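Here is the structure we will look at.
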Amino acid sequence: MNEKELLAEISRLRIRIAEMESLSAGAQVPGDLDSRGEGILYLTDALPVTIAYVDAKGHYIFNNRNYREWFGLTGGNLYGKKIEDVLGREAFEAVEPFVKEALAGKTVNHERQVLFKDGSIHHISAS
């Protein structure tokens with residue numbers, strides 16, 4: 003999947019989420035939400051946080067620029083890669099219980115220091 007297709011897929015996901023939220027709130031979804039999807043991507047890149055979305059099998063679907071830079075992947079695309087492959091085995095083992103809870107639909111908050119595969123230690127506060 004190329005970058006344009008990925009942006010389109012993320013936009014479709016955002017529209018679907020907005021539709022579901024609006025339906026539960028009894029509102030209608032604005033028709034121009036799709037045209038704003040790309041702007042939302044730029045917004046997530048501008049936020050001073052790391053953002054990642056993974057599927058039920060632990061493969062990256064979306065991540066913002068800060069998330070990629072956190073792992074030293076400034077020009078790379080994480081789409082489709084497994085969490086463990088990006089974090090490294092030791093770091094993944096440290097967060098795996100929290101990942102499993104989140105993928106099971108639970109709200110998860112945790113803080114810890116994690117050794118990344120490049121040997122650096124990072125303090126993680128995740129939710």
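Numbering (the numbering used here), first residue to last: 3 to 129.
Beta carbons: idealized from backbone N, C-alpha and C, even for Gly.
Bear in mind the structure is a predicted one, so any value in this text is a computation, not a measurement.
Check: Which parts of the region 96-122 are runs of the beta strand (DSSP E), unbroken and 3 residues or longer, counting only runs that do not cross its ends?; Outcome: 112-117
Check: If the criterion is Cβ atoms closer than 9 angstroms, does the pair Ser-13 and Ile-53 meet it?; Outcome: no
Check: Looking only at DSSP bridge pairs, what is Ile-126 linked to?; Outcome: Arg-114
Check: Could you give the uninterrupted runs of the alpha helix (DSSP H) lying entirely in the region 50-77, keeping only those of 4 residues or more?; Outcome: 67-72
Check: Taking the CB atoms as reference points, tell me whether Ala-128 and Val-110 lie closer together than 9 angstroms.; Outcome: yes
Check: Tell me whether Tyr-69 is buried or exposed, calling it buried when 16 or more other Cβ atoms sit within 10 Å of its Cβ.; Outcome: buried
Check: Apart from the five residues just before and just after Asn-66, which ones in its own chain have a Cβ nearer than 6 angstroms to its Cβ?; Outcome: Thr-46, Asp-47, Ile-53
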